[in-house]
Amino acid sequence: MLSAHPELKTMFNAESQVDGSQRRRLAGAILAYAANIDKLVALDAPLDKIAHTHARLNVLPEQYPIVGFHLLAAIKTVLGEAATPDVIDAWAAAYGQLADILIAREKTIYDAPELATAN
Ligand code: HEM
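Take 1 as the starting number for the sequence shown in our numbering and just add one per residue.
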């Protein structure tokens with residue numbers, strides 16, 4: 001992703017790019033979302049923390065499709081033949097929902113930072 005979008009490089013902490021922790025946090029959040037899809041209230045606090053981290057770094061709505069595109073490509077690579085169109089569609093839908101939730105939370109922070117609880 002960062003080779004295709006070098007403009008995003010400065011946002012990401014160089015150390016955690018190298019040790020893989022950044023990729024693991026993103027993958028972990030997507031998996032937690034999938035595991036809690038029927039009880040999303042369990043994800044309220046973690047999602048709030050991610051939204052605050054993103055807002056501190058000025059993550060913007062238009063950057064979500066970039067991350068989503070590269071995440072789906074990575075899922076396809078990892079799953080290989082198991083990545084049937086239905087499986088990929090399901091992951092794309094889950095990513096889209098999670099992105100919508102985060103974009104909405106980040107918008108409330110950008111619109112009224114003084115009302116956002118610190119995290
Ligand atoms: C549904 C989509 C996304 C999910 C689930 C997600 C998840 C996460 C998680 C779990 C963290 C760690 C938060 C923490 O430790 O407080 C994080 C950090 C971060 N996210 Fe996202 N993210 C998403 C989309 C994006 C997008 C679109 C961008 C913009 C390019 C972005 C940029 C970042 C950056 C720069 C960090 C800090 C990384 C570092 O430590 O260097 N994320 N994200």
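Think of the CB as a built atom: it goes at the ideal place given N, C-alpha and C, for glycine as much as any other residue. Remember, predicted model here, so these are calculated numbers, not experimental data.
My guess is that residue i and residue j are in contact by the Cβ rule of under 8 Å, so how many angstroms apart are they, rounded?
i	j	result
residue 37	residue 95	At roughly 12 Å, the Cβ-Cβ gap does not stay under 8 Å, so residue 37 and residue 95 are not in contact.
residue 115	residue 50	Not quite, the Cβ-Cβ distance comes to about 18 Å (not below 8 Å), so this is no contact.
residue 80	residue 99	No, residue 80 and residue 99 are not in contact; Cβ-Cβ is about 25 Å, not under 8 Å.
residue 1	residue 66	7 Å
residue 92	residue 72	6 Å
residue 55	residue 43	Incorrect: roughly 17 Å between the Cβ atoms, too far for contact.
Please list, in chain order, all residues of the same chain as residue i whose beta carbon is under 7 Å from its beta carbon, the five residues on each side excluded.
i	result
residue 34	94
residue 47	101, 102 and 105
residue 64	99 and 103
Count the other CB atoms within 10 Å of the CB of residue i; is the residue buried (16 or more) or exposed (fewer)?
i	result
residue 106	buried
residue 112	exposed
Tell me the rounded alpha-carbon separation between residue i and residue j.
i	j	result
residue 57	residue 8	11 Å
residue 22	residue 39	25 Å
residue 61	residue 109	13 Å
residue 18	residue 11	14 Å
residue 28	residue 77	17 Å
Please work out which residues of its chain come closer than 8 Å, Cβ to Cβ, to residue i, disregarding the five sequence neighbours upstream and downstream, and give them in chain order.
i	result
residue 5	66
With a cut-off of 6 Å, give the chain-ordered residues whose Cβ is closer than this to any heavy atom of the ligand HEM. This selection yields 8, 11, 12, 13, 16, 22, 25, 26, 29, 30, 49, 50, 53, 54, 57, 59, 63, 64, 67, 95, 98, 99 and 102.
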